[in-house]
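Chains as they are written, first to last, in the numbering used here: chain A, 1 to 147; chain B, 1001 to 1147. Note that beta-carbon positions come from the ideal geometry of N, C-alpha and C, so glycine has one too.
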DNA sequence: TACAATGTTTATTATAATAGTCGACAATAA
DNA sequence: TTATTGTCGACTATTATAATAAACATTGTA
């Protein structure tokens, strides 16, 4: 049960945005270079985040993207769900009619608990928490991330 | 991030075994029928559980499989890991050298927390817990599961 | 106004994983 | 001895993933 690269890269891209809030749009090209993701692929990852209203964008020279809210108002759950869909590890958790056994099956309860455990982590963490973690972690290596 | 059918079916098969502890081997055919899984596919799911020592087996007439331990001694984590591999949602959590950014990347911390949250649920639940849940849930429908 | 620099959208593709099926084989109780 | 079980390996169809690429739309600036 592995995460897709879209969710992995997308989370990195969102953190990159949060770390570079300079009141100017950040170009996809810059993010792609810093995060070592191909520009073309990054475009595909950013698109749903724009559609979900987490990111805003502007085309043209000096264009780019930026967070629509302050980092402490964006939970990782929103990002995750936008890129990966439901948190449920099996379809029947959200969609009982997916399996005819759903109403009798107690393994479903297990998968639901896992969903809730994941939700708890992702709801309680914001982009700002990641920013703080990053700053704390970098210490002297800060320059790598801020220049 | 969805579970494979192997883990889904395998968890059901293990619960089926725990519910039918009658001191006799249970045939794969019976489990396949009750759980609505093809026999051929179920064989593939059972094999790693036997290899992991969770299940024992006997061939021939009246042969079948059974739990090697009592249900309260089998955590769901063991079953999950046997069928699905690591709990880590991204490779770098277990294998830092998977990604060159691993030591600086704080999204990795998020994925690790998710892994731990899942582990917590799966470690703290045993097959016996599922058996109890099932009995409680079934009530009058018990017969469906016990005959 | 022209144009270069950006984001947007859609199509296409290669690779791998999933979810099985099938057939030959091995062991064993009756 | 034989029918009944589990074991093992090969095979296959379908789908998802992880991209690449090309054409297009917008916009700041010279």
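Inset, instruction - Under 9 Å between beta-carbons, which chain B residues line up against residue 126 of chain A? List them in chain order, please. - result: Residues of chain B passing the Cβ test: none, with the nearest at roughly 11 Å.
Inset, instruction - Rounded to whole angstroms, what's the CA-CA distance from residue 84 of chain A to residue 1039 of chain B? Just pull it up for me. - result: 33 Å
Legend entry - Residues near residue 964 of chain B in its chain [Cβ-Cβ closer than 7 Å; skip 5 each side]: With chain B represented from 1001 up to 1147, any question about residue 964 of chain B goes unanswered, as that position is not in the structure.
Inset, instruction - Determine, using beta carbons only, whether residue 117 of chain A comes closer than 7 Å to chain B. - result: Judged by the 7 Å Cβ criterion, residue 117 of chain A is in contact with chain B.
Inset, instruction - Compute the beta-carbon to beta-carbon distance between residue 17 of chain A and residue 58 of chain A, rounded to the nearest angstrom, for a pair I have assumed lies under 8 Å. - result: Their Cβ separation, rounded to whole angstroms, is 14 Å, which puts residue 17 of chain A and residue 58 of chain A out of contact at 8 Å.
Inset, instruction - Using a Cβ-Cβ cut-off of less than 9 Å, list which residues of the region 31-62 of chain A approach chain B; keep chain order. - result: Flagged, chain order: 35, 36.
Inset, instruction - Rank B:1106, B:1114, B:1130, B:1121 by C-alpha distance to the C-alpha of residue 136 of chain A and give the top, closest one. - result: B:1106
Inset, instruction - Taking only beta-carbon positions, decide if residue 5 of chain A is within less than 7 Å of chain B. - result: No - not a single Cβ of chain B is within 7 Å of the one on residue 5 of chain A.
Inset, instruction - At 4 residues or longer, and completely inside the region 1056-1109 of chain B: list those alpha helix (DSSP H) runs for me, N to C. - result: 1076-1084, 1091-1094
Inset, instruction - Using the DSSP secondary-structure output, state which residues sit across from residue 126 of chain A in a beta bridge. - result: A:75
Legend entry - N- and C-terminal bounds of the alpha helix (DSSP H) containing residue 1035 of chain B: 1028-1035
Legend entry - Terminal residues of the alpha helix (DSSP H) in which residue 11 of chain A lies: 5-19
Legend entry - C-beta neighbour in chain B for residue 8 of chain A, strict 7 Å: Residue 8 of chain A has a beta carbon lying within less than 7 Å of a beta carbon in chain B.
Legend entry - Range of the contiguous alpha helix (DSSP H) that encloses residue 1039 of chain B: 1039-1051
Inset, instruction - With DSSP as the reference, label residue 1132 of chain B as helix, strand or coil. - result: helix
Inset, instruction - Starting from residue 1081 of chain B, find everything on chain A with Cβ-Cβ shorter than 7 Å and list it in chain order. - result: The contacting residues do not exist; residue 1081 of chain B stays about 11 Å from chain A at best.
Inset, instruction - Run the CB neighbour count on residue 89 of chain A, radius 10 Å, all protein chains shown included, and call it buried at 16 or more, exposed below. - result: buried
Legend entry - Own chain partners of residue 1032 of chain B with C-beta closer than 7 Å, once the 5 adjacent residues on each side are dropped: 1038, 1039, 1042
Inset, instruction - Find the nearest neighbour of residue 11 of chain A within the set A:102, A:55, A:116, judged by alpha-carbon distance. - result: A:55
Inset, instruction - Kindly list the residues whose CB is nearer than 8 Å to the CB of residue 1035 of chain B, restricted to its own chain and excluding five residues on each side of it in sequence; keep chain order. - result: Sequence-distant Cβ neighbours of residue 1035 of chain B in its own chain, meaning closer than 8 Å and more than five residues away, are 1009, 1012, 1013, 1016, 1042.
Inset, instruction - Taking C-beta pairs closer than 8 Å, name the residues in chain A that residue 1089 of chain B reaches, listed in chain order. - result: Those within 8 Å of residue 1089 of chain B in chain A are 1, 2, 3.
Inset, instruction - Buried or exposed for residue 47 of chain A, please, with buried defined as at least 16 other CB atoms from any protein chain shown within 10 angstroms of its CB. - result: exposed
Inset, instruction - In angstroms with no decimal places, state the Cα-to-Cα distance between residue 1108 of chain B and residue 1132 of chain B. - result: 37 Å
Legend entry - Nonlocal neighbours in the same chain, by C-beta distance under 6 Å from residue 112 of chain A, ignoring five residues either side: 93
Legend entry - Residue from B:1117, B:1120, B:1019 whose Cα sits closest to the Cα of residue 1138 of chain B: B:1019
Inset, instruction - Inspect the beta-carbon positions of residue 1003 of chain B and residue 1 of chain A and report whether they are closer than 7 Å. - result: With contacts defined as CB atoms closer than 7 Å, residue 1003 of chain B and residue 1 of chain A qualify as a contacting pair.
Inset, instruction - With a threshold of 16 other CB atoms inside 10 Å of the CB of residue 64 of chain A, please say whether the residue is buried or exposed. - result: buried
Inset, instruction - Ignore the nearest five residues each way along the sequence and tell me which others in residue 1125 of chain B's own chain have a CB closer than 6 Å to its CB. - result: The residues are 1076.
Inset, instruction - Can you have a look at residue 51 of chain A and say buried or exposed, based on whether 16 or more other CB atoms are within 10 angstroms of its CB? - result: exposed
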